[in-house]
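Using this note's numbering, you'd call the opening residue of the sequence shown number 3 and step up by one each time. Let me begin by presenting the structure, written as structure tokens, before commenting on it.
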Amino acid sequence: MSFFRQSPFTIKKTRKQIRREHGGLPEADELTTEEKQRYIKEEFLFSWKGYTKYSWGSDENSPITNIPRNTRNGWGATIVDGLDSLYIMGFEKEFNEAKEFVSKINWASSKEPLFETVIRYLGGFLSAYDLSQDAVFLNKAIELTNLLLPAFDTPTGIPYQFMNFTSGMPIKSPIACLAEIGSVQIEFTRLSELTGDWKYHQIGQRVYDSYVNMNNMNGIYPHLINVNNGSPVGEHYTWGGMADSFYEYLIKQLVVSNGKDEKKFKMVREIIRGLENKLVVDSSVDPDSSFLVEINGNSPTYRMDELACFAPATLILAARTFPDDFEHIEHIAKRLLNGCFSAWDSTATGLAPEVFTWNTKNYFYEQTPPVTPVIKSYILRPETLESLYYFYVYTHDTIYQNMAWDIFNSLYTYCRANSGYTGLYNVEDTENSQDDREERDFKVLVSYF
């Protein structure tokens, strides 16, 4: 599959030539799988060494200026995010150094976001424990979760979004977003399984009591919720930012329960039906691609976040795990993956914009790509890579490996800097667009390669 601005061949050829001129890597068909793996491990280690040299203990490294940044609690987010990748790639020395750091994390802080703390830190500790069976990680997971529990002491069980670890009290706000309150349950359930203490699971699941009776648009939930009464706030519906991982976690919880949770099964049927009927639209340029609209009130908005590109992965997971109920959704998942990849394949750098729109006309534009950037920045988002990974695991089709390598090659060409990988201000600028931010997502991104 190839998308283009000028002809069915020239833009793809031109981008490969430009990558070579900028010091890019060989193309997918010029390398063996083992050679690609070696490149990926080398680049992960390059980034890790830059972080350890210039920014060890901070949340992230600025890979152009080599300056540390604390953007996620100041507890070494890059270290915790990288634990599983270090272990899987066999970097034993670096993994042990990271473990030593984790054992000494001090949780004192005045304002901690529940969502980021759970998915980054608790998730990182549990993953590292499941891989290594080292009690350091489980103990830290227990410590951290116990500090978070007061946030769930609300009339509905829907948590407040910030905790003050210094006072031990939540920072009360009446509004929460869907993604943040629906993205703790897998970690809390896993912690209960490991400790035998089921309070964590019960606290996480209580959130869903509010969803069951909540007004929704035929399976699509509003992205903002009132913490005190569980009522929706506004009429914005999306599978993108501020809602995305609610849908992801709901389907994955059904998988974790082996399909035995009837409440989740009912909700998953509803959200998939809502996705099909309300959000999926087909491309008018590429007959094999679809996208997800957002809805404001009753009006669709033809724009999609790269964040929403987790959807193909989650949908094929549902289709393959529960084929009697969801086998039909795999076709839509594949079309959505094609649409997501076109967001990468349509830009000058081969990297996806943060937000994009698409051609809705009923005719073919030879001079216009199927996707147009709305927000042109790229901040090392991993969601499309996650979906490519899932599709390769389930289908063993090497086309998904080649698509992933095309993305990795563009990352190497345009995002590699002095001591790591940086995002871009503008995915259409191949010359001078680096933003000097290595988001923690880079470690997640590389793990999918």
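Backbone N, C-alpha and C fix where the C-beta goes; we use that ideal spot for every residue, glycine too.
Going along the chain, which residues of its own chain have a beta-carbon closer than 6 Å to the beta-carbon of N209, five neighbours each way excluded?
First, the amino acid is wrong: residue 209 is Val here, not Asn. Contacts found: G159, I160 and I183.
For a test of the three-state rule: what should DSSP assign to D136, helix, strand or coil?
coil
So D86 is in the alpha helix (DSSP H); what residue range does that whole segment cover?
A79 to M91
Please state whether the Cβ-Cβ distance between F154 and I205 is less than 9 Å.
yes
How about V186 and V120: do their beta carbons lie closer than 9 Å?
In contact: V186 and V120 (Cβ atoms closer than 9 Å).
Are there any heavy atoms of the ligand GDP lying less than 8 Å away from the beta-carbon of R17, as far as the coordinates show?
Among the ligands in the structure shown, none appear at all, so the ligand GDP cannot be discussed.
Taking 9 Å as the cut-off, decide whether the C-beta atoms of G352 and M306 are in contact.
no
Which of helix, strand or coil does DSSP assign to Q163?
coil
When you compare only the Cα positions, how much space is there between D284 and I331?
14 Å
Let me know if T386 comes out buried or exposed under the rule of 16 or more other beta-carbons within 10 Å of its beta-carbon.
buried
Determine whether the beta carbon atoms of L339 and P314 lie at a separation below 9 Å.
yes
If you drop the 5 nearest sequence neighbours on each side, which residues of the same chain put their C-beta closer than 6 Å to that of N220?
G276
Under three-state DSSP, which class holds L281?
helix
Would the segment 119-135 count as touching the segment 81-97 if we require 3 or more Cβ pairs under 8 Å?
yes
Per DSSP, which residues does F103 bridge with? Please list them.
Its beta-bridge partners do not exist; DSSP assigns none.
Report all residues from its chain with a CB closer than 8 Å to the CB of N230; omit the five preceding and five following residues, and keep chain order.
So the qualifying residues of the chain are T156, P157, T158 and P176.
Is the CB-CB distance between Y380 and A406 below 9 Å?
no
Is the Cβ-Cβ distance between W360 and T349 less than 9 Å?
no
For a minimum of 3 consecutive residues, which ranges assigned as the beta strand (DSSP E) are wholly contained in the segment 281-349?
As far as the segment 281-349 is concerned, its whole beta strand (DSSP E) runs of at least 3 residues are 282-284, 292-294, 296-298 and 301-303.
Would you report the Cα separation of E27 and R418, rounded to the nearest angstrom?
Looking at the sequence itself, residue 27 is Leu, so the reference to Glu does not match. If you draw a straight line from the Cα of L27 to the Cα of R418, it is about 12 Å long.
Is DSSP giving N98 helix, strand or coil here?
helix
Run through the segment 173-217 for me and flag every whole alpha helix (DSSP H) of 4 or more residues, listed as ranges in chain order.
180-183, 187-197 and 201-214
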